[in-house]
Amino acid sequence: MDLPFDLSKLDLGSILNMARELKERMNRMEEALAGIKVEAMVGGGMVTVTANAKGEVLSITLDPELLAMNDKALLENLVLTGVNQALLEAKSRRDEEMQKLTGGLPLPGIF
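Below, the structure written as structure tokens:
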């Protein structure tokens, strides 16, 4: 099989250093993702969900008027919708940051 490079010219030490550097950059990226916060508001602002780009839900805030409605199904639906929207935005932000880290090179399973 013809390879686009000469295997005899590969420097294992350089490859290991590059792998170490990439791992360090990914660790820093994971820390940075924890600091990127996104917010989803649903139900006209009755439910606000805050998440980070690591995909962690940080808080859920409910408007007291929503609770006063005493409508369990509505509350469940709004919370579910808010969480899903926040996590979708978090994934989008994470993907943007990963594009910066990898220069657009797809690396499946990294995050």
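Residues in the sequence shown are numbered consecutively from 0, following numbering that gives the first Met the number 0. Even glycine gets a Cβ: it sits at the ideal position worked out from N, Cα and C.
Beta carbon of residue i nearer than 8 Å to that of residue j
{"i": "Ala52", "j": "Arg93", "result": "yes"}
{"i": "Leu100", "j": "Met28", "result": "yes"}
{"i": "Leu57", "j": "Ala67", "result": "no"}
{"i": "Met45", "j": "Asp70", "result": "no"}
Neighbourhood of residue i by C-beta distance below 6 Å, restricted to the same chain and skipping five residues each side
{"i": "Gly42", "result": "Leu77"}
Cβ-Cβ separation, residue j to residue i (assumed contact under 8 Å), whole Å
{"i": "Thr80", "j": "Thr60", "result": "The Cβ separation is near 14 Å, so there is no contact."}
{"i": "Glu111", "j": "Ala31", "result": "Nothing in the structure corresponds to residue 111, since the chain is present only between 0 and 110."}
Residues of its chain near residue i, where Cβ-Cβ distance is below 8 Å and the 5 sequence neighbours each way are ignored
{"i": "Gly54", "result": "Leu86, Ala89, Lys90, Arg93"}
Buried versus exposed, by CB contacts within 10 Å (16 or more), residue i
{"i": "Ala72", "result": "exposed"}
Which runs of the beta strand (DSSP E) at least 3 residues long sit entirely within the region 9-45? Give them in chain order. 36-41
Go through the region 43-98 residue by residue and report every complete run of the beta strand (DSSP E) that reaches 3 residues or more, in order. 46-51, 56-61
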